[in-house]
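Read top to bottom, the protein sequences are chains U and F. Oh and the first sequence: position 201 is 212 in our numbering, straight run, nothing missing. Oh and the second sequence: position 11 is 136 in our numbering, straight run, nothing missing. No residue lacks a Cβ here, since even glycine has one placed at the ideal position from N, Cα and C. Working notes, structure below.
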Amino acid sequence: MGSTPLDPRIEAFGANKCVDCGRCTYACPASQIGGDFSPRGIMEKMELTGKVPTNQDIWLCMTCRQCTQICQFGVSFHEVIREIRPELRRALPPEPNHGGASEALERLSAMASITPRKQRWMTPDLKLDDSSGTLLFVGCTPFFDVIFRYLRSDLLEIPRSSVRLLNAAGVSPRLLMDERCCGHDSYWLGDAELFERIARLNVEAVERLGINELVAFCPECMVTWKQIYPKVVGKLSFEVRSVSEVLAEALDEGRLQLRGSEETLTFQDPCRLGRYAGVYHAPRQLISSVGRLEDMPRSKEMAACCGNSSFINCGAQTRLWQLERIKEAAGTGASGLVTACPKCLIHMTCALNEGVQLVERVKMPLIDLHVLAGSALSKP
Amino acid sequence: MMEGAAKAERGEVAQPSGWRPSIIAFCCNWCAYAGADLAGVNRRQYAPEVRVLRVMCSGRVSPGIILKAFTSGADGVMVLGCHPGDCHYRVGNVYAEKRVEQVRELLDLAGVDPSRLLLRWISASEGELFGRTMDEFVAHVRELGPLGGGIHAP
Chain U
12 MGSTPLDPRI EAFGANKCVD CGRCTYACPA SQIGGDFSPR GIMEKMELTG
62 KVPTNQDIWL CMTCRQCTQI CQFGVSFHEV IREIRPELRR ALPPEPNHGG
112 ASEALERLSA MASITPRKQR WMTPDLKLDD SSGTLLFVGC TPFFDVIFRY
162 LRSDLLEIPR SSVRLLNAAG VSPRLLMDER CCGHDSYWLG DAELFERIAR
212 LNVEAVERLG INELVAFCPE CMVTWKQIYP KVVGKLSFEV RSVSEVLAEA
262 LDEGRLQLRG SEETLTFQDP CRLGRYAGVY HAPRQLISSV GRLEDMPRSK
312 EMAACCGNSS FINCGAQTRL WQLERIKEAA GTGASGLVTA CPKCLIHMTC
362 ALNEGVQLVE RVKMPLIDLH VLAGSALSKP
Chain F
126 MMEGAAKAER GEVAQPSGWR PSIIAFCCNW CAYAGADLAG VNRRQYAPEV
176 RVLRVMCSGR VSPGIILKAF TSGADGVMVL GCHPGDCHYR VGNVYAEKRV
226 EQVRELLDLA GVDPSRLLLR WISASEGELF GRTMDEFVAH VRELGPLGGG
276 IHAP
């Protein structure tokens, strides 16, 4: 080690505890996809120079938290990356995919003078209650429905099925009619100012309602509300849970019945739901009650990332990674790959539609967890 | 919109004091931009609030760029291309039409009046139409008022 003083951030995330074993790089999807990204390499450079590296590679990280999960010495590598990004953003901003549409929509939703009207996906059979203690936070799925309709036309079935399932479990949720984006991507892309503005607008609007619980089917929204908002705006006066947790509880208590079948299904753990929030059991319980669950070799804590985060740095290499994952799913003998995150669903569907032609044909139906469970409800 | 232009001319539209709309016009190099040139050569006076951006094809304008214009302070955006069948690259304007439709849907969900985004076909010979389109759209956006102060992207 040199005599240069260490950047205080190195110690803050345990980077000084790194022993250069390389487990992080071995587990990192960004390293396996290609390019020069190596968590171990970055740690080593930090230890040698005492400085935090700032180069374009920092954007390759998918923030899937696999590195932190596998580290035996308690280094929070994903937090190091997040901490570097705000500074890096000014000099070397990330290269967005889809023409930067999702980032621009986040920015629009941070304008206090604009009132979003995205809750138009409701159908007459859904029971909502404006005085309910449970709020369903819908997130960006209505926007994704417009942007990614060419990939799948059924994205709006995710919020609809979520409400149907909650109804069947005896919960009539309320919605925030002028709901804004949760700001997840801006947080991970280093735009702290934008994130804080969104967080304040959202928290203010929800706190006013006096609810007991906020539920979200999107793991990113859920984790942002549960773990990041309290860090930025302080403790919330309500609980935050994923829809799958609420439904698993209802299954346990016998409030919810789902029709079972002989179908074998496998599950893609979304990084936010699994490694971030530690919810591994609830989605599995839901799948097991509608079919037979066969986990992939890489599952739960070791689940492979869907290949993209925050809609940056997607390319042919990403598709190969996703294809690999889909083949792994097919290897379990399952007739369907279930995901619990709208973004996993979109990224993997994209790989199947556009990437498969490059290599070989893989067939694997992709289903959202909530849509799957919703289709197993007994008709009223 | 015609009505809006007429009202603006008569000075009947109430506006926040000192506010002038910022409007971006993405003009296709082969048609609308040449149309703007013709309007200039003909000394056709039109609303000065419009900032013209030349692009090689209206099909080049992605949804992200349109949205970025709005988040960077634009109160209205125009995408101006060649008439159907006249595209220099055969089908660029067909793409533009699809994309603009998609952005209108997104704007509507986000709470922005979709009429703040205009798609028009203007050929190189239509200088007068170019000028008229500028006047009418500026008047329309004036009537809608400011979008929200503009949060500038870094």
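Under DSSP, the beta-bridge partners assigned to alanine 150 of chain F are F:Val177 and F:Met203. Not one beta carbon of chain U lies nearer than 8 Å to the beta carbon of proline 239 of chain F. Only residues of its own chain outside the window of five on either side were considered, and among them His381, Val382 and Gly385 have a CB closer than 6 Å to the CB of serine 172 of chain U, listed in chain order. Between proline 127 of chain U and glycine 236 of chain F, the C-beta gap is smaller than 8 Å, which places the two residues in contact. Among the residues of chain U, none has a CB under 8 Å from the CB of serine 147 of chain F; the nearest is roughly 15 Å distant. If you draw a straight line from the Cα of cysteine 282 of chain U to the Cα of glutamine 43 of chain U, it comes to about 17 Å. Distance from the CA atom of arginine 211 of chain U to the CA atom of glutamate 218 of chain U, rounded to whole angstroms, is 10 Å. Annotation: glycine 181 of chain U to glutamate 168 of chain U spans about 20 Å, alpha carbon to alpha carbon. Not a single C-beta of chain F is nearer than 8 Å to the C-beta of histidine 358 of chain U. A contact is defined here as three or more CB-CB pairs under 8 Å, and the stretch 243 to 261 of chain F meets this definition with respect to the stretch 204 to 214 of chain F. In the three-state scheme derived from DSSP, where H, G and I count as helix and E and B as strand, serine 346 of chain U is classed as coil. In the three-state scheme derived from DSSP, where H, G and I count as helix and E and B as strand, isoleucine 125 of chain U is classed as coil. Contact check for asparagine 154 of chain F against arginine 179 of chain F passes: the beta carbons are separated by less than 8 Å.
Shown here, glutamate 305 of chain U sits in coil according to DSSP, grouped into three states, outside any helix or strand. Interface annotation for the stretch 75 to 109 of chain U against chain F: Arg100, Arg101, Pro104, Pro107 and His109, criterion Cβ-Cβ distance under 8 Å.
Under the Cβ distance rule, serine 187 of chain F counts among the residues neighbouring chain U, one pair being separated by less than 8 Å. Residue pairing by DSSP places isoleucine 95 of chain U opposite no residue, since no beta bridge is assigned to it.
A Cβ of chain F is located within less than 8 Å of the beta carbon of serine 120 of chain U. Between the C-alpha atoms of glutamate 106 of chain U and asparagine 324 of chain U there is a straight-line separation of about 6 Å.
Shown here, alanine 288 of chain U sits in coil according to DSSP, grouped into three states, outside any helix or strand. In the same chain as glutamate 174 of chain F, and ignoring 5 residues on each side of it, the C-beta atoms closer than 6 Å to its own belong to Arg145, Pro146, Ile148 and Val263, in chain order. Put simply, of U:Leu304, U:Gln279 and U:Arg372 the residue whose alpha carbon is nearest the alpha carbon of alanine 351 of chain U is U:Gln279. Within chain U, the residues whose beta carbon sits less than 8 Å from that of aspartate 233 of chain F are Arg128, listed in sequence order.
Counted as a single uninterrupted DSSP element, the stretch harbouring tryptophan 246 of chain F is not any alpha helix (DSSP H) but the beta strand (DSSP E) occupying residues 242 to 246. For alanine 259 of chain U, the number of other beta carbons within 10 angstroms of its own is at least 16, and it is reported as buried. Separation of the CB atoms of arginine 51 of chain U and glycine 25 of chain U is rounded to 14 Å, and the pair is thereby denied contact status at 8 Å. In terms of beta-carbon proximity, glycine 273 of chain F lines the interface with chain U, with at least one pair separated by less than 8 Å.
DSSP lists U:Val226 as the bridge partner or partners of arginine 252 of chain U. Check the Cα spacing between tryptophan 199 of chain U and each of U:Lys129, U:His89 and U:Leu116: the tightest is with U:His89. Here the alpha carbon of leucine 334 of chain U sits roughly 35 Å from the alpha carbon of aspartate 263 of chain U. Nearest CB-CB separation between proline 16 of chain U and chain F: not below the 8 Å threshold. In the pairwise beta carbon analysis, the stretch 180 to 190 of chain F is classified as touching the stretch 214 to 229 of chain F: at least three pairs are separated by under 8 Å. Not one beta carbon of chain F lies nearer than 8 Å to the beta carbon of proline 19 of chain U. Interface criterion not met: the Cβ of isoleucine 378 of chain U is under 8 Å from no Cβ in chain F. In the three-state DSSP reduction, aspartate 379 of chain U falls in the strand class (E or B).
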